[in-house]
Structures are given as C-alpha cells and as structure tokens.
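Below is one structure, written out as structure tokens, with a few remarks after it.
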C-alpha cells in the first residue's frame, strides 16, 4: 500500500458514521401564520410496516449522491406534495448518530403557508398532518423518560480469545425519551429529540 494513495483517498473522502447501515434526512418544516411560527408534523399511515401511526417529520433514506437537503426536499414533495419552490432551507440542525447504526440529518426550513394550505398528503404514507405553535413548544417542558440498554453477548462470545472473564462488566447504555403531548397526540422519540434541540436553539437566541 502506498501512503500517498491513502492520503489522497482520505483527502477526498467525507468522514461519516463508522459501520453505518444507512443515512437519512428529515425536513423540520416551520410555517408562519396568525400564531407566529409553527412546526408542521405528520402522522404516519397506519398501513405502514414501520412505526405506523407515529408522529414524524417528512423524510427518508438518502439516495445515491443526494445531500441531506436534497433528500429532505424530495421526501417532503413525495409525502406532502409541497414543491421545492415553496421551501426555504435555513440550515442543518445537529445530526443524530443512532444506536441502530444509522445517521439522521434534520434540515430546518421555512415553508410557504399557501403551499401548506394546498398540500395533498400521500395517503399511502401519511395519515394526517398538524401544526404546533413554536411559542407553545417554547413554553412547554417535555416529559422525559429513561431506559437502560443492557449488553447481551450470548454464550458463543469468545471470552478466552479476547482475554476477559465471563463475568466481564460490559458498559451498559441508556436512552432518553422526550414526549410532547399535543391535543391527544404524542410527539416522541427522534422527532421529539429534534424538536427539543430546535427549541433549545431558539431559547439560546432569546437569551442573547
């Protein structure tokens, strides 16, 4: 192996999440209306195999050489029929490196109110949509719950080969689950984590 070739490879390569099984992007749509800014959420169709009926942002898997922004805009148009011309991308929020070995990029955007009023959700993917005023989220602390992730190696793990005892103290993990109740719905999981992150950024601006 030539070190110069390796150096050139690293120079043109964008580092990512090691061993990642997928890259995803979601649009975090803000809409300006009578109540100021609101966030637009979807409820996933109950016929979907994964997370049916859960609240989410529009988004999906990044395809080919797409950027997170391109993916988020494409998925928003496919799911809600909101054209790219009606969306003003503001920037990326912090990405999520998930314990299931995928990375998610939330893209914050301002969506034209008229496009939201005329949108036609894809019934195969979206059950319904709703808006939550940002001022409500700023005034609300989410419910927060924690659970532990306990490592389970199985009987075939080669303890002797790696030189550790069978009662080795593996480091447990943990997960924090925020929940925002809203009119009989629950915004939770990754969608709530993104919401909480955005709210924290907005609060930091108000303090300065």
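Residue numbers (this note's numbering): 18 to 225.
For every residue, glycine included, the Cβ atom is placed at its ideal position computed from N, Cα and C.
**Study point:** Opposing strand residues paired with residue 76 [DSSP bridges]
**Key:** Here the question's residue 76 lines up with position 59 in the chain shown. Answer is 43.
Practice item. Give the range of the beta strand (DSSP E) segment to which residue 163 is assigned. Key: Walking along the chain shown from the start, residue 163 turns up at place 146. 160-166 is the extent of the beta strand (DSSP E) around residue 163.
Check your understanding: With a CB to CB cut of under 6 Å and the five nearest residues on each side skipped, what residues in its chain are close to residue 136?
Key -> By 1-based counting over the chain shown, the position of residue 136 is 119. Within the same chain, residue 136 has close Cβ partners 97, 98 and 99.
Check your understanding: What separation, rounded to the nearest whole angstrom, lies between the Cα atoms of residue 199 and residue 213?
Key -> In the chain shown, residue 199 corresponds to position 182, counting from 1. In the chain shown, residue 213 corresponds to position 196, counting from 1. If you take the alpha carbons of residue 199 and residue 213, they lie about 14 Å apart.
Practice item. Return yes when the Cβ of residue 114 is within less than 7 Å of the Cβ of residue 120, no when it is not. Key: To locate residue 120, count along the chain shown from 1; it is residue 103. To locate residue 114, count along the chain shown from 1; it is residue 97. A contact, by the Cβ cut-off of 7 Å.
Review point. How big is the Cα-Cα spacing for residue 67 and residue 20?
Key: Counting from one through the chain shown, the residue named residue 67 turns up at place 50. Counting from one through the chain shown, the residue named residue 20 turns up at place 3. Looking at the two C-alpha atoms, the distance is approximately 45 Å.
Practice item. From the DSSP output, in three-state form, read off residue 11 for me. Key: As shown, the chain starts at 18 and ends at 225. That puts residue 11 outside it, with no answer to give.
Practice item. Please go through the same chain and pick out, in chain order, the residues whose beta-carbon is closer than 7 Å to the beta-carbon of residue 103, but skip the five residues on each side of it. Key: Numbered from 1 along the chain shown, position 86 holds the residue referred to as residue 103. The answer, listed in chain order, is 128, 129 and 132.
Point to revise | For residue 148 and residue 138, the rounded distance between their alpha carbons | key: Locating residue 138 in the chain shown gives position 121, counting from the first residue. Locating residue 148 in the chain shown gives position 131, counting from the first residue. Each residue's Cα considered, the two are about 14 Å apart.
Check your understanding: When DSSP labels each residue in this structure, what does residue 65 get in the three-state scheme?
Key -> If you number the chain shown from 1, residue 65 lands on position 48. DSSP places residue 65 in coil when its eight states are reduced to three.
Check your understanding: Between the stretch 73-84 and the stretch 159-170, are three or more C-beta pairs nearer than 8 Å?
Key -> no
Check your understanding: Beta-carbon separation of residue 53 and residue 78 under 7 Å?
Key -> The count along the chain shown starts at 1 and reaches residue 53 at position 36. The count along the chain shown starts at 1 and reaches residue 78 at position 61. Cβ atoms of residue 53 and residue 78: not closer than 7 Å.
Review point. Do residue 76 and residue 92 have their C-beta atoms closer together than 7 Å?
Key: Working through the chain shown from its first residue, we reach residue 76 at position 59. Working through the chain shown from its first residue, we reach residue 92 at position 75. In this structure, residue 92 lies closer than 7 Å to residue 76 by Cβ.
Review point. When the Cβ atoms of the stretch 150-161 are set against those of the stretch 46-60, are three or more pairs found closer than 8 Å?
Key: yes
Check your understanding: Using DSSP with H/G/I as helix, E/B as strand and the rest coil, what is residue 180?
Key -> Translated into the one-based positions of the chain shown, residue 180 becomes position 163. Residue state, collapsed to three classes: coil.
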